[in-house]
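Below is one structure; the comments refer to it alone.
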Amino acid sequence: MSCRRIFRNAIDYIHKHVLNIKTFTNIYEVNIMQIPFSAQYTLDEISEALGCDEAKFKKEKTGSLQRSNGIYELERWNGVLHFNRKTPFSTKETEFIKKILASYNSLSKQLSTRGVAHQYMQTAITSSVLDISIARYISSSPDSFLYIHKLIQHLKRLSLKQYEGSQIRTGFLITETKHQKQKEFDIDSVDYEIVPTDGNIKLDRKTIKDTTFLRIIDGINSFYLCDPKLDISAYCNILSSEYDSFEKLSGKCIENILRSDTGAQFYAGVSNSAEFEIITHDNIRILHRKGRWYFIDCNLVNGIIASKHRETEPWRIFYAMSKIKKGTVALITDKTQNSLEKLVKRHVSDDSGVRKNIDACIKDADLGRLCETGELMRILTTDGMSIFDKHFDSLIDYSAIVNTALCDSDTGGGGRESAAIAGSLFGTTVKVSEDGPITIFKDKKIIYDVG
6 MSCRRIFRNA IDYIHKHVLN IKTFTNIYEV NIMQIPFSAQ YTLDEISEAL
56 GCDEAKFKKE KTGSLQRSNG IYELERWNGV LHFNRKTPFS TKETEFIKKI
106 LASYNSLSKQ LSTRGVAHQY MQTAITSSVL DISIARYISS SPDSFLYIHK
156 LIQHLKRLSL KQYEGSQIRT GFLITETKHQ KQKEFDIDSV DYEIVPTDGN
206 IKLDRKTIKD TTFLRIIDGI NSFYLCDPKL DISAYCNILS SEYDSFEKLS
256 GKCIENILRS DTGAQFYAGV SNSAEFEIIT HDNIRILHRK GRWYFIDCNL
306 VNGIIASKHR ETEPWRIFYA MSKIKKGTVA LITDKTQNSL EKLVKRHVSD
356 DSGVRKNIDA CIKDADLGRL CETGELMRIL TTDGMSIFDK HFDSLIDYSA
406 IVNTALCDSD TGGGGRESAA IAGSLFGTTV KVSEDGPITI FKDKKIIYDV
456 G
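The opening position of the sequence shown corresponds to residue 6 in this note's numbering, with each subsequent residue numbered one higher.
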């Protein structure tokens, strides 16, 4: 009997006696419906960046795609990608998801390889897909993409560096204008000046090792101006501003420039908290913190916290606290102070009489004034819960020690989380952790968690 005949008989025997055809077919169907490891990793990255409860691949499409009530679905890989959280996705967030998936698809064309080459490609995708997606998201054109990707890599490295014991800080405004002229200008009560350099400075690895380059610009009161090909021709100084500490920390000066007619496209910089931040003209923050990317739609956060806020933007307050790593917990409620008696047990300091005397100066005061004077910053960095009215327009109470018995005993977490869960029975609570993350609660459930 020939070797070929023996082999065919062996295969027939396995099919007949070891594997029935139905079982073999089912195994094959499951295998072809599985997505690559790098694809699931990418879904997990999107989930963390947007604060999703879940991001998964569904093998079968059942009915029409869901795109409401905190669910967003897309058809991919002969199945459905399902993203789920308790807060609806904004248009900017869904655009960001599509940009990441498009980048993944471009990279995954090489996954037809097998063996070691396949493993190398999977590893390359998992380590770079978000960097590439973000570069594509903020780039003004395909031509500038590679340069913007290089800028991202430079700033990620700088976020890990210190000089003489302090974090390196710097910032860049990307603008189409290649040649800047000396001038002064003002936008929204802020005075700026542009100072041109004698010649273009090429942003490369040699430049970012230069001590003078890193020390002359701090990314807070000054930032470099460079074109999309990373040629630096000037820097911009903030001469004076009337902004409060929350507005400065959240980058309102930069927002003004991006929204003006100066030609600026986006800002990228490293803060003193060793974080790499990207600011776009449409109120988006893309934050690289502790090796992870986070995508924050500031308008969405405003709507979650106080849908009809007036002058003071809620996101700006809590994002500033997140940037300086100061933990706090706050309640935004439509209840009166009397109806909060079940929640508030006492206050941090009641004994000396100081609180009673200054209450009239702080309670029900205009929130804008408390921001300008610095009182709100000092209140938020004091132990206890701060309580705001439903329009985030005034402070109802502060330094409140709450009745954590109102939350479940098995919720876990620390004192701030227990206070936030208990407070969420009376409105929307926001907890900022000392390591940065912002978590929003409603009815004892987390409805948004990012950073």
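Here a beta-carbon is modelled for each residue, glycine too, at the ideal position from N, C-alpha and C.
Please read all numbers here as calculations on a predicted model, not as lab measurements.
Classification of residue i by the beta-carbon crowding that lies within 10 angstroms, buried from 16 upward
i	result
G170	exposed
E346	exposed
G204	exposed
I26	Only weak support exists for where I26 lies, its pLDDT of 37 falling under 50; the value from the coordinates is given anyway. That one is exposed.
A44	buried
P147	exposed
I363	exposed
V200	exposed
H22	Unreliable positioning characterises H22 in this predicted model, as indicated by a pLDDT of 48, which lies under 50. A coordinate reading is not provided.
R383	exposed
L254	buried
H184	exposed
I443	buried
S113	buried
D191	exposed
T202	exposed
F124	Going by the sequence as given, residue 124 is Gln instead of Phe. Exposed, because fewer than 16 other Cβ atoms sit within 10 Å of the Cβ of Q124.
K328	buried
N36	Low per-residue confidence applies at N36: pLDDT is 34, beneath 50, and the placement is therefore not dependable, though the value from the model is reported in the following sentence. Exposed, because fewer than 16 other Cβ atoms sit within 10 Å of the Cβ of N36.
Q127	buried
D287	exposed
C258	buried
R294	buried
R210	exposed
D249	buried
E316	exposed
T3	A query on residue 3 cannot be resolved here, the shown segment of the chain reaching from 6 to 456 and no further.
N31	Reliability of the predicted coordinates at N31 is poor, the pLDDT of 31 falling under 50, and no value is obtained from them.
G296	exposed
Identified DSSP bridge partners for residue i
i	result
L79	L86
H352	A405
F281	V275 and H293
G176	G274
S194	According to DSSP, S194 bridges with nothing at all.
L336	I392 and T434
E59	N89
L230	L178 and A239
A311	Answer is none; A311 lacks a bridge partner.
D302	I289
E189	E198
L254	Beta-bridge pairing links L254 to no other residue.
Y453	I445
A269	T180
K207	D236
Y168	S171
Residue from the options with nearest C-alpha to residue i
i	options	result
T175	V275, I262 and Q187	V275
S227	L235, I237 and L244	L244
E189	E252, R210 and I262	I262
L375	D196, K166 and E252	E252
D215	Q124, Q167 and W82	Q167
L381	W298, T333, H293 and R290	T333
G75	K66, T92 and S69	T92
G256	I213, A325 and N277	A325
K395	L348, D223, S238 and L336	L336
A279	K447, D440, K66 and I445	D440
C231	C241, I291 and D223	C241
P233	D448, A365, S423 and S145	S145
L151	F397, L235 and T267	L235
K331	Q158, T386 and F281	T386
I451	T285, R90, I153 and G224	R90
G224	K186, I283, N408 and T212	I283
T212	H159, T182 and N408	H159
Contact belief for residue i with residue j at Cβ below 8 Å, rounded distance in angstroms
i	j	result
S194	S265	So it is not a contact: roughly 13 Å between Cβ atoms.
D371	S399	6 Å
F177	A273	5 Å
L163	I179	That belief does not hold up - the Cβ atoms of L163 and I179 are roughly 16 Å apart, past 8 Å.
I401	K368	7 Å
I130	W82	That belief does not hold up - the Cβ atoms of I130 and W82 are roughly 14 Å apart, past 8 Å.
L208	L156	7 Å
K66	E80	7 Å
K447	S429	5 Å
For the 8 Å Cβ check, are there 3 or more pairs between the segment 443-455 and the segment 44-58? The segment 443-455 and the segment 44-58 touch, with no fewer than 3 CB-CB distances between them shorter than 8 Å.
Are at least three pairs of beta-carbons, each pair with one atom in the segment 97-109 and one in the segment 293-311, less than 8 Å apart? Below 8 Å, enough C-beta pairs join the segment 97-109 and the segment 293-311 to call them touching: three or more.
Inter-stretch contact at 8 Å, needing at least 3 Cβ pairs: the segment 432-449 / the segment 310-328: Taking 8 Å as the limit for Cβ pairs, the verdict is that the segment 310-328 does touch the segment 432-449.
Is the segment 103-115 touching the segment 130-144, taking contact as three or more C-beta pairs under 8 Å? Taking a cut-off of 8 Å on C-beta distances, the segment 103-115 touches the segment 130-144, as three or more cross pairs fall below it.
Hey, is the segment 56-69 in contact with the segment 79-87, meaning 3+ C-beta pairs nearer than 8 Å? As far as the Cβ criterion goes, the segment 56-69 touches the segment 79-87, which means the pair count is three or higher.
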